[in-house]
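Colleague:
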Amino acid sequence: MPELPTQYAPADVETRSYERWVSRGYFTADPGEASSAGVEPGGAEQSGAREPYSVVLPPPNVTGSLHIGHALDHSIQDALTRRARMRGHATLWLPGMDHAGIATQNVVERELAKEGLSRHDLGREAFVERVWQWKEESGGRILGQMKKLGDGVDWSRERFTMDPGLSKAVQTIFKRLFDDGLIYRAERIINWCPRCLTALSDIEVEHSEDEGELVSIRYGDGEAAIIVATTRAETMLGDTAVAVHPADERYRHLIGTEVELPLTGRMIPIVADEHVDPAFGTGAVKVTPAHDPNDFEIGRRHSLPSITVMDERGTITVHGPFLGLDRFEARPAVVAALRAEGRIVAEKRPYLHAVGHCSRCKTVVEPRLSLQWFVDVSPLAKAAGDAVRDGRTRIHPPELAKRYFDWVDDMHDWCISRQLWWGHRIPVWYGPDGEIVCVGPDEQPPAGYVQDPDVLDTWFSSGLWPFSTLGWPEKTADLAAFYPTSVLVTGYDILFFWVARMMMFGLYAMDGQPPFRVVALHGMVRDQYGKKMSKSFGNVVDPLDWIERYGADATRFTLLRGANPGSDVAISEEWAAGSRNFCNKIWNATRFALLNGANVAAPLPDSAELTASDRWILSRLASVTASVDAAYEEFEFAKVADLLYHFAWDEVCDWYVELAKIQIAAGHEHTKLVLGHVFDALLRLLHPLAPFVTEELWRALSGAESIMVAEWPTADATRIDAVAEAEIGAVQNLITEVRRFRSDQGLKPGQRVAARLDLEGTPLASHERAIRTLLRLDEPADSFAPTARLTVASVVVELDTVGAIDVAAERKRLEKDLATARKEAAQSEAKLGNEQFMAKAPDDVVAKVRARQTQALADIARLEAQLAALPAG
RNA sequence: GGGCGCUUAGCUCAGCGGUAGAGCACUCGCCUUACAAGCGAGGGGUCACUGGUUCGAACCCAGUAGCGCCCA
């Protein structure tokens, strides 16, 4: 057995343990051992069969790095999969990354810009080659972070969304959707980023309340004049109508007439449309079909022309004076020109309104009319909703399911083409005469055809993640064994976009089998004041920094200890230090057990051969084990961590270890077996939360290879022992009371005091030795002359404090206790005197109150007597 | 504008019908041979507000206020 230092040094053990786990293949899943039955996450029963338990890691963006939110997400998955392995499941935790089309391309373009180059200077092929180089570098950093965290992922199955196999999956499903008529090409208004120069889907647009302007403009003159309000005056150059509500009396006479569009001299019609809100502004709206999604719909209904007035960079392309101006320069210029003509009726500035921004670069998104590829999501979204409605997939916590339904039940068609170079190229080829051919993975395009230059949205490939990573479309052993996955662990922030997409594709590709049995959602990591972490605020925690300073176990434990289902996690430096202290506590307690010959090998004796202390801690262990299992079922990691923290520290360390010392000194050899058993179980229970420290200690304790392959403890109900729990509870109570007296009296902890205990006939009778030792009470000599007398639950303790006792302190104490007892007596008396209460409250509640009253009255009598007996002053 | 959630000790959060809890922070005393990253003791809360239901409400219901998130 190696000597353990008195302080746990995480850095010494973490790298070593991790490398050993990997080299021994503990993380590597074996589908051959998995039955196809599947198992509920958490697992209801410990089964003899190697039932599969599978989790796919939500793939981080290859171009980023792991932040503390990832650390939380990973800690949860690691805890679940480590426990599943210990429970005997054929366990897979599959890692990987996604190619993050826009983000990655942006990063590499920025690099190029430093060299004074653009991607066009390199050309598509060379640029993509360059992105792959960056991917290796950036991805490697993430892998290093995962190892530091201790992630027990199956590295042999690491995947990347651009891998050949996953690319084949993309092409396969594209072809299937295309052939089923669920992918189509159409000219629509899409979200366009004029900086990234690509289309975006709805979810890649972030809305914020921004300050803008609301300008009211008079179109036409005299009788025929009509006033419209807009936040985007520059788009008036592309107006092709004014719309009013058909029932709006103010404008009824104008419907069907034409009005002159200022600055342009064009005549545009006034049309009636149900979708105009008569209550908003003047009730008349300008219609710019090429630059607004709502206007586009109005245009379609009324067969209006679309006039595009900006190019892909947001530069005005029409009407002399404004030609070449950026859209934000054009806006004031257009307003000024209108004002010069006396057409500005009102201006409101600043005007708060919702503005969409590119989620990648924050540029204001421009609604743009363009030809793009779309997925018709209606049948897919319906299926995705139904799978949750009928319980094939459970969203946890269930309150969040509503958000999922809100999204999938009202989903717009999904724009999947991106004008980028980095990504999966759209597998559609165009013939010389406008023919369109979708090419499957094993097919060749006809000669002379040209492939669509665009690539697919990254979410298109990450939506396939739960099965493309397992080998789909091939019928692999992994797919058979591990799909559907047991649980998806992710933040509630991407519930609707990523999760919904995986649900849609999984159900579509896998014959109605959803990709997960459970979606377990966690919250965001926040700082100690509940504030969002942000670079500008300077409150960001780097997980690697914490791992270095407090250890990976402490970092993980801090996160898990705050992880209540679906709610945010607040963390701080001080709590990380607290977790480190806890690891150190476990370290030293186990060190104590080892130094005292804790024995794991031999079986535990029957209860009859054990002391009450032994039976008590084993009873507590059984309860705690059962509670931990129950908490895992509900993904209540905070509860798991809390249960084990308190059991380990308050019960095992503070009491059992102290009692065990006394038993060992008295020659109770079986204590070593109990110590061994308790620490063995405790370390195994803690292992999923704190893998490194538990591995190091457990190997020393057991002499076995690795705690990773040890069995998960089972709650032994036969060890539940109410008698022992009551007995030790009484011991704790007595000891605490006497310690309180000692503390009040200013007696130093180490100072020995003579005392007479009368424990005859009480449950404490067999614990006199422990009580005297823990309280440092000597046997009374013949000359014993007590100076103080305490009564604790009918046990009388007389002490000779050697010298005058602090009467004032004692009086204060007694008066405080007396006040508490009186309050208690008054409360219970009021209840017992209440006829309604006596008539309607359940018997056990009445009995409890009665017992409380009896106790309170006894306490009052005792305390009053003690106060009366105190010397004056 | 629509929807959801939150408000409990200084801070972060549990508790969700029957005596208000935890961690950290705070006060006092201790190097008591596993651990000072520790040990012992202690102080601290009209459970946002107003009504209602109930024998009994932090907990259930209604309303009010403040905060947060999502969607438009």
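Residue numbering for the first sequence is 103 to 975, as defined by the numbering used here.
Every residue, glycine too, gets a C-beta built ideally from N, C-alpha and C.
1. So within the region 380-453, which uninterrupted alpha helix (DSSP H) runs reach at least 4 residues, ignoring any that extend past its ends?
2. From F826 to G614, what does the alpha carbon distance come to, in whole angstroms?
3. With respect to the beta strand (DSSP E) encompassing R320, which residues constitute its N-terminal and C-terminal limits?
4. Pick out whichever of L106, A828, R496, E431 has its Cα sitting closest to the Cα of A978.
5. Tell me, please, whether the region 262-279 touches the region 663-672 by the rule of three or more beta-carbon pairs shorter than 8 Å.
6. Express the C-alpha separation of R287 and L365 in angstroms, rounding to a whole number.
7. May I ask which residues mark the beginning and end of the beta strand (DSSP E) holding D512?
8. Terminal residues of the continuous alpha helix (DSSP H) containing Q639?
9. Are the CB atoms of A817 and A728 within a distance shorter than 8 Å?
10. By the DSSP assignment, the alpha helix (DSSP H) with P575 in it spans what residues?
11. Expressed to the nearest angstrom, what Euclidean distance is found between the alpha-carbon atoms of E966 and A921?
12. Please state if the CB of I518 and the CB of F476 are separated by a distance shorter than 8 Å.
13. Indicate the three-state DSSP secondary structure (helix, strand or coil) for R527 in the structure shown.
14. Whose C-beta lies closer than 7 Å to the C-beta of D731 among residues of the same chain, with five residues either side of it excluded?
15. Whole angstroms is fine: what's the gap from D945's alpha carbon to V726's?
16. Please state the DSSP three-state secondary structure of S303.
17. With a CB to CB cut of under 6 Å and the five nearest residues on each side skipped, what residues in its chain are close to E360?
18. Can you tell which of W800, A812, K763, I305 has its C-alpha closest to the C-alpha of H515?
19. Touching or not, the region 519-532 and the region 637-650, by the rule of three or more beta carbon pairs under 8 Å?
20. If you draw a straight line from the C-alpha of L566 to the C-alpha of T165, how long is it?
21. Could you give the residue range of the alpha helix (DSSP H) that holds P481?
22. Take A743 and list the residues in its own chain whose beta-carbon comes closer than 7 Å to its own, dropping the five residues that flank it on each side.
23. What does the Cβ neighbour count give for D716, buried or exposed, with the cut at 16 atoms within 10 Å?
24. Using a Cβ-Cβ cut-off of 7 Å (strictly less than) and excluding sequence neighbours within five positions of Q109, which residues of its own chain qualify?
25. Please work out which residues of its chain come closer than 7 Å, Cβ to Cβ, to E135, disregarding the five sequence neighbours upstream and downstream, and give them in chain order.
26. For E468, does the three-state DSSP call read helix, strand or coil?
27. Since I believe D595 is in contact with P793 (beta carbons under 8 Å), could you give me their beta-carbon distance rounded to a whole number of angstroms?
28. Under the three-state reduction of DSSP, which class applies to P371: helix, strand or coil?
29. In whole angstroms, what separates the C-alpha of V420 from that of V411?
30. If we count the other Cβ atoms within 10 Å of its Cβ and call it buried at 16 or more, is W234 buried or exposed?
31. Do P568 and Y585 have their C-beta atoms closer together than 8 Å?
32. Does the Cβ-Cβ distance between K978 and V344 come in under 8 Å?
33. In angstroms with no decimal places, state the Cα-to-Cα distance between S149 and A186.
34. Please confirm whether A836 and L866 have their CB atoms less than 8 Å apart.
35. Which class does F280 belong to by DSSP, given the choice of helix, strand or coil?
Modeller: Judging by the given coordinates:
1. 395-403, 429-442
2. Note that residue 826 is Ala in the sequence shown, not Phe. If I take the Cα positions, the gap works out to 54 Å.
3. 307-321
4. Lying outside 103 to 975, the shown extent of the chain, residue 978 is not represented and no answer is given.
5. no
6. 35 Å
7. First-last for D512: undefined, no H or E at that position.
8. According to the sequence displayed, residue 639 carries Phe and not Gln. Note, F639: premise wrong, no alpha helix (DSSP H); not H, not E.
9. yes
10. No alpha helix (DSSP H) holds P575; DSSP gives it neither H nor E.
11. 11 Å
12. yes
13. strand
14. A817
15. 29 Å
16. coil
17. M369, P371
18. The question names His, but residue 515 is Asp in the sequence shown. Of the listed residues, the one whose Cα sits closest to D515 is I305.
19. no
20. 20 Å
21. 480-491
22. F659, L662, R663, L791
23. buried
24. N686
25. R152, A192
26. strand
27. 27 Å between Cβ atoms; not a contact.
28. strand
29. 6 Å
30. exposed
31. yes
32. For residue 978 there is no data in the structure shown, the boundaries of the chain being 103 and 975.
33. Because S149 sits at a pLDDT of 45, beneath the cut-off of 50, its placement in the model cannot be relied upon, and the following sentence gives the value as read from the coordinates. Distance between the alpha carbons of S149 and A186: 11 Å.
34. For the record, residue 836 in the displayed sequence is Leu; it is not Ala. Contact flag set, yes.
35. helix
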